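Chemist:
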Amino acid sequence: MKLKSCATLFFRTNSILKGNAYKHNSVLIAASRTFSNWHIVGALCLERKPVITQPLTPLEKKYYDYMQKLEVEQSLLSDHEKRHLEDKKINEKLKKGELEDMDSIAKQTAQDFEDLRQEQFNKYKPNERESEDDKTDNKQSLRRKLDSSLVLVIKQKLGNDHRWVLPQTIHQNGETLKQTAERVLKEICPNPPKIRIMGNAPVGYYKYKYPKVAREDGVFGAKVFFFRGQLLEKNVKFLDINQTDSLWLTHNELNEVLQKDYGKAVQSFLFPDFIDVDNTDYSLYSSEDENDMKTTASN
1 MKLKSCATLF FRTNSILKGN AYKHNSVLIA ASRTFSNWHI VGALCLERKP VITQPLTPLE
61 KKYYDYMQKL EVEQSLLSDH EKRHLEDKKI NEKLKKGELE DMDSIAKQTA QDFEDLRQEQ
121 FNKYKPNERE SEDDKTDNKQ SLRRKLDSSL VLVIKQKLGN DHRWVLPQTI HQNGETLKQT
181 AERVLKEICP NPPKIRIMGN APVGYYKYKY PKVAREDGVF GAKVFFFRGQ LLEKNVKFLD
241 INQTDSLWLT HNELNEVLQK DYGKAVQSFL FPDFIDVDNT DYSLYSSEDE NDMKTTASN
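For the sequence shown, position 92 (counting from the first letter as 1) is numbered 92 according to the UniProt record's numbering, and the numbering increases by one without interruption.
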């Protein structure tokens, strides 16, 4: 009787363990299938950094003027200003006939030097901050918005729709995500320029699902990993991109073409070119604040 009870208990325990093992394996298989039902995608955020500086904001202009004023009030005489004083003394001696050694007189006075440099300066014509491509609003050109960063976006087919996205491609076995991002530019550009990808880890992430019609082989959607890249070649006006729909946009212009959620993911890892302080109330700066600024600067 005892032997029969032990045998029954053994078979029950064994069946329970087998059932739990089957359930555990089923969970693992389901999890692996869920993980493999997404495309892993590498995307490249290629930037052209500013070529010229930003124009001064009102606050920066106010501070610049103040520091210039402080420099004039507190600075010592420069060599050129000392030369002016020496020339003035020599002219007074010449008028009085007190100068005996005429060879000691410089052939070029400080005023002559100033006039010559002023004449050269008047001939110099600086380039305009606004290029021809700015005037024609040619957003496919790299020679626009020279004081801002530009980001490359292209129109790609996602499902049945064509949408503006950062250049992206599906990850292949045997390569790292960074290598996938590097391959993106080679796929869309026959003669890719020199670029530098910043770091080995992604800077951003975004996930989207494919439409039901476009779900082939049970793939639900794509998980996109972003990498930031910087354009190193300076004398490039256009990139020879296979797709005609490509634009170089500022950070603010990206919001006009990118889908809202996708745009937020992109903006989360972009660094602004400048901080907008135009809304600052400058009337709050009193004379006491200016005195504090003067004391700090003089120290």
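Virtual Cβ for every residue (Gly too), placed ideally from N, Cα, C. Computed from a prediction, not measured in an experiment: that's the story for all the values here.
Using the beta-carbon count (16 or more within 10 Å), is Lys95 buried or exposed?
Modeler: exposed
Chemist: Given a cut-off of 8 angstroms, decide if Val266 and Ser39 are closer than it, judged by their beta-carbon atoms.
Modeler: With the sequence shown as reference, residue 39 is identified as His, and Ser is not the correct amino acid for it. Not closer than 8 angstroms, so no.
Chemist: Can you check whether the CB of Asp147 is closer than 8 angstroms to the CB of Gln54?
Modeler: yes
Chemist: I need the DSSP call for Gly221, collapsed to helix, strand or coil.
Modeler: strand
Chemist: Is the Cβ-Cβ distance between Ala222 and Val41 less than 8 angstroms?
Modeler: yes
Chemist: How is the beta strand (DSSP E) around Ala201 delimited, first residue to last?
Modeler: Per DSSP, Ala201 belongs to no beta strand (DSSP E) and is neither H nor E.
Chemist: Which residues does DSSP pair with Tyr206 in a beta bridge?
Modeler: Under DSSP, Tyr206 forms a beta bridge with Val224.
Chemist: Go through its chain and collect everything with a Cβ distance to Lys194's Cβ below 6 angstroms, but skip five positions before and after it.
Modeler: Leu232, Glu233
Chemist: List the residues that DSSP assigns as beta-bridge partners of Ser246.
Modeler: Ile154
Chemist: Going by beta-carbon coordinates alone, are Leu142 and Arg48 separated by less than 8 angstroms?
Modeler: yes
Chemist: Using DSSP bridges, identify the partner residues of His162.
Modeler: According to DSSP, which records beta bridges pairwise, His162 is partnered with Lys157.
Chemist: Measure the beta-carbon distance from Val203 to Phe226 and round it to whole angstroms, keeping in mind my assumption that it falls under 8 angstroms.
Modeler: 6 angstroms
Chemist: DSSP three-state label for Arg48, please.
Modeler: strand
Chemist: Measure the beta-carbon distance from Arg163 to Lys155 and round it to whole angstroms, keeping in mind my assumption that it falls under 8 angstroms.
Modeler: 7 angstroms
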